[in-house]
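These notes concern the structure reproduced below.
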Amino acid sequence: MIKSLDPRLTRENIEENNLIAPLTPMDNWETYEVFHQKKRGDQHMHVGIVHAPNPEMALLFGKEQYGRRSITANIWVVKTANVFASEYDDADMFETTPEKQYREAGGYKVMDKINKYKKANKA
Amino acid sequence: MYGNAYIDPNEKANAMIAGEDPIKLAEFEARIARGEKIEPKDWMPKEYRKQLIRMIEQHGHSEIIGALPEGTWITRAPGFKRKMALMAKVQDEVGHAQLLYSAAETLGKSREDMTNDLITGKSKYSNVFNYPAFTWADACIIAWLIDAGAIINQVANAKGSYGPYCRALDRICTEESFHLKYGHDNVVTLATGTPIQRQMVQEALTRWWPPIMHFFGPSDKISQHSEILMRWKVKMASNDDMRQQFLNMYVPKIWDLGLVLPDPKLKLNEETKKWEYTEPDWDEFKRVINGGGPCNAERLAVRRMAEERGRWVRKALYNATEKYVTPLA
Chain A
1 MIKSLDPRLT RENIEENNLI APLTPMDNWE TYEVFHQKKR GDQHMHVGIV HAPNPEMALL
61 FGKEQYGRRS ITANIWVVKT ANVFASEYDD ADMFETTPEK QYREAGGYKV MDKINKYKKA
121 NKA
Chain B
1001 MYGNAYIDPN EKANAMIAGE DPIKLAEFEA RIARGEKIEP KDWMPKEYRK QLIRMIEQHG
1061 HSEIIGALPE GTWITRAPGF KRKMALMAKV QDEVGHAQLL YSAAETLGKS REDMTNDLIT
1121 GKSKYSNVFN YPAFTWADAC IIAWLIDAGA IINQVANAKG SYGPYCRALD RICTEESFHL
1181 KYGHDNVVTL ATGTPIQRQM VQEALTRWWP PIMHFFGPSD KISQHSEILM RWKVKMASND
1241 DMRQQFLNMY VPKIWDLGLV LPDPKLKLNE ETKKWEYTEP DWDEFKRVIN GGGPCNAERL
1301 AVRRMAEERG RWVRKALYNA TEKYVTPLA
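These protein sequence lines are chains A and B, in that order. Residue numbering for the first sequence follows this note's numbering, beginning at 1 and increasing consecutively. Residue numbering for the second sequence follows this note's numbering, beginning at 1001 and increasing consecutively.
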């Protein structure tokens, strides 16, 4: 029997070799991805996962795990299985090229023309 | 390995990378060298995965087991405010374990397997938690100095290469700073209190000093193995460097309180700026880590009891139509 400094544990009469059956897959359920919004107006940000048997409990665990210290306005939970993600190996599909400046604000420069026009029409 | 298209598996120095694709390995190492993070679905060397799982998992187990000696003191903490604070701290530690297990899970080891390896004694956890917290002062010394050591280790590892581990550690470090302040406040209260309180905290410090010196582990052997782990940013600082950093930050704070450390050799060498100390008893360290410590049996028995008694609840909530998917990040 375990004789602990903690009287509560000693009272439990725990055998020292209390071998138990190993945990089997899904004993800790599936996972949910948690999204946390700090305050109204902010984006929800992915903060991590929780293991839960259903969405309601995922929300409860998400609140404890990710909302108990920091300011929180709202959280979302989404089953990991329901997230469809791009592959890091395909990251090149997000690359842009210099000739695509037509879709950026910096690709438009008009001051030269304006100054030239003003100068020519000053007289 | 850069620019070397062939990895000789018979070369002893290559044992950690034997069988790896040299091109992928070079890309992987270049990414780390550029300061980029590795994410779960990226290609990674088998040994990188293995070492990270082992490290993160043990870190998670340490948080869980570490909650036991401290949890013991919740009901007996002096005063309502300290009970509430200790409860919050213990809840944090258990929460840290969840974050760490989640990070390890992204590498492909299920949480059930990690728990199984803990309760059968296959996986290790921080050796300090195999020692008992005899008095309230022991709980205070743990909260201050063990958490201080943990922060040094975690701040270093937060700059590592594996994204999910770094993210978990950033969150953990923020919470640990409250633990450190809380622990320091408690130690200062005892050290500046009545002669009996002072004696109590001195005795606790004397008891905990050897485990604290063990905390960062023995000096690292300079080997190809540790060199690769450093290059892969799995290991971020040598055990001795972290121990020096700890001594540098905390010995003066301990001495400020007029407390005595049980090591007559302990002093700062003004020339080398390094701390000198009596070499910790590493045989004792090995004996305890391999199950011979005062609390090893109790810690695991309690953990097994908790797991077994919660099983019916987890089963009752289990929905057989669901299936497990490895978390994304």
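Note that CB positions come from ideal geometry on N, CA and C, so glycine has one too.
The shortest CA-to-CA distance from LYS1109 of chain B to any of A:ALA81, A:MET26, A:PHE94 and A:LYS79 is the one to A:MET26. Out of A:LEU5, A:ASP6, A:LYS39 and A:LEU19, the CA that lies nearest to the CA of ASP1117 of chain B is found in A:LEU19.
The C-beta distance from ILE1146 of chain B to ILE1064 of chain B rounds to 15 Å, too long to fall under 8 Å, and the pair is not in contact. The C-alpha of MET45 of chain A lies about 44 Å from the C-alpha of GLY1293 of chain B.
For LYS1081 of chain B, the secondary structure class from DSSP, reduced to helix, strand or coil, is helix. If you ignore the 5 residues before and after GLY1060 of chain B, its C-beta comes within less than 6 Å of the C-beta of ALA1097, LEU1100 and TYR1101, all in its own chain and listed in chain order. Rounded to the nearest angstrom, the gap between the Cα atoms of LYS116 of chain A and GLN101 of chain A is 23 Å.
Cβ-Cβ separation between ALA81 of chain A and VAL1325 of chain B: approximately 4 Å, consistent with a contact (criterion under 8 Å). Straight through space, the alpha carbons of PHE1028 of chain B and ALA1133 of chain B are spaced by roughly 45 Å.
A Cβ-Cβ separation of about 7 Å places GLU1070 of chain B in contact with LEU1086 of chain B under the 8 Å criterion. Proximity of chain A to LEU1317 of chain B at the Cβ level (cut-off 8 Å) is accounted for by TRP29, PRO53, ASN54 and MET57, in chain order. ALA1067 of chain B and LYS1265 of chain B have their C-alpha atoms spaced approximately 33 Å apart.
Boundaries of the alpha helix (DSSP H) around MET111 of chain A: 111-120.
A contact is defined here as three or more CB-CB pairs under 8 Å, and the segment 65-83 of chain A meets this definition with respect to the segment 29-45 of chain A.
HIS46 of chain A: not part of any alpha helix (DSSP H); member of the beta strand (DSSP E) spanning 45-52, first to last residue. Residue state for GLU87 of chain A is assigned as coil, using DSSP reduced to three classes. When secondary structure is reduced to three states using DSSP, GLU1322 of chain B falls in the coil class, being assigned neither helix nor strand.
Taking C-alpha positions only, ASN1186 of chain B is separated from CYS1140 of chain B by approximately 6 Å. Relative to the Cα of VAL78 of chain A, the nearest Cα in the group A:ALA91, A:ASN13 and A:ILE49 belongs to A:ILE49. Around GLY48 of chain A, the beta-carbon contacts reaching into chain B at under 9 Å are GLN1098, LEU1099, SER1102, ALA1103, PRO1164, ARG1167, ALA1168, ARG1171, PRO1327 and ALA1329.
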